[in-house]
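Enquirer: Following my numbering, the numbering of the sequence shown begins with 1385 at its first residue and continues without gaps.
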Amino acid sequence: MLLQGSCHCGAVRFSVESPHPYPYQRCYCSICRKTAGGGGYAINLSGHAETLSVEGAEHKSIYHAVIDGENGEKSPGERHFCRHCASTLWVYDPRWPELVHPFASAIDTDLPIPPERVHLLLDSKANWVEVEAGKHDKCFDGYPEESIAEWHQRLGLEDKEG
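(1) So what does DSSP say about serine 1504, is it helix, strand or coil?
(2) If you draw a straight line from the alpha carbon of threonine 1493 to that of glycine 1389, how long is it in whole angstroms?
(3) So who's on the other strand from glutamate 1442, going by DSSP bridges?
(4) Can you tell me whether serine 1489 is helix, strand or coil according to DSSP?
(5) Could you tell me whether the stretch 1497 to 1511 touches the stretch 1395 to 1414, using the rule of 3 or more Cβ pairs below 8 Å?
(6) DSSP beta-bridge partners for alanine 1470?
(7) Taking its Cβ as the centre, do 16 or more other Cβ atoms sit within 10 Å of isoleucine 1532, making it buried, or is it exposed?
(8) If I follow the unbroken beta strand (DSSP E) through cysteine 1411, where does it start and stop?
(9) Quick check on this structure: which residue in Ser1445, Val1515, Gly1461 and Tyr1476 has the alpha carbon closest to the alpha carbon of glutamate 1434?
(10) Less than 8 Å separating the beta-carbons of leucine 1483 and serine 1430?
(11) How about histidine 1432 and isoleucine 1446: do their beta carbons lie closer than 8 Å?
(12) How many angstroms separate the CA atom of isoleucine 1427 from the CA atom of glutamate 1442?
(13) Rank Gly1540, Ala1449 and Arg1467 by C-alpha distance to the C-alpha of serine 1459 and give the top, closest one.
(14) Assuming aspartate 1521 contacts glutamate 1500 (C-beta within less than 8 Å), just tell me the rounded distance between them.
(15) Between which residues of its own chain and alanine 1517 is the CB-CB distance below 8 Å, once the five residues before and five after are set aside?
(16) List the DSSP bridge partners of alanine 1426.
(17) Out of His1485, Cys1393, Leu1387 and Leu1386, state which residue places its alpha-carbon closest to the alpha-carbon of serine 1471.
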């Protein structure tokens, strides 16, 4: 599925092919919450990095998050955002160079509604956040073993063209 996204002010626009377009995974870690999660969590999708096309790249900046408990060590992950309106756009991590993870909040394309959700890193959740888990949702204090691709495959939701 071709995902098209943009920042709030329109200075940065992007597109990326995604075989895994369901916004099912809610991350409650302090990095996602503080950089992209107004509701206490953020949702990342998955796309093929080689298909990422960006207009207005000169208007974006990159943030390397400091990893909690690792002596202030910066993550190699690049959190791309608009330097004008501060909209979070996508995460790219050179440890997985074939992937890019756009934030669902930056996507302008209509996204499919997931049949279930995964709530992860609940051990980092802010105390004011209430987890709204549905009947079939799964909750994890840390990371689940199932990847974004595996989740889509298990439920028969993988877009073979994306």
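Just so you know, even glycine gets a beta-carbon here, dropped at the ideal spot from N, CA and C.
Note that this is a predicted model, so its numbers are computed, not measured.
Expert: With the given structure in hand:
(1) A quick correction: the sequence has leucine, not serine, at residue 1504. Looking at leucine 1504 - three-state DSSP - the assignment turns out to be strand.
(2) Threonine 1493 and glycine 1389 have their C-alpha atoms some 7 Å from each other.
(3) Paired residues: none, contrary to the question.
(4) Helix at serine 1489.
(5) At 8 Å Cβ cutoff, the stretches touch.
(6) For alanine 1470, DSSP assigns no beta-bridge partner whatsoever.
(7) Its Cβ being crowded by 16 or more others within 10 Å, isoleucine 1532 is buried.
(8) First-last of the beta strand (DSSP E) with cysteine 1411: 1409 to 1411.
(9) The option with the nearest alpha carbon to glutamate 1434 is Tyr1476.
(10) Yes, these two residues count as a Cβ contact at 8 Å.
(11) For histidine 1432 and isoleucine 1446, no; Cβs fall outside 8 Å.
(12) Separation of isoleucine 1427 and glutamate 1442 (C-alpha to C-alpha, rounded to the nearest whole angstrom) is 25 Å.
(13) For the residues Gly1540, Ala1449 and Arg1467, the minimum Cα distance to serine 1459 belongs to Ala1449.
(14) Indeed they touch by this definition, with Cβ atoms about 6 Å apart.
(15) Sequence-distant Cβ neighbours of alanine 1517 in its own chain, meaning closer than 8 Å and more than five residues away, are Arg1501, His1503 and Cys1523.
(16) Answer is Cys1411, bridged to alanine 1426.
(17) Looking from the CA of serine 1471, the closest CA among His1485, Cys1393, Leu1387 and Leu1386 belongs to Cys1393.
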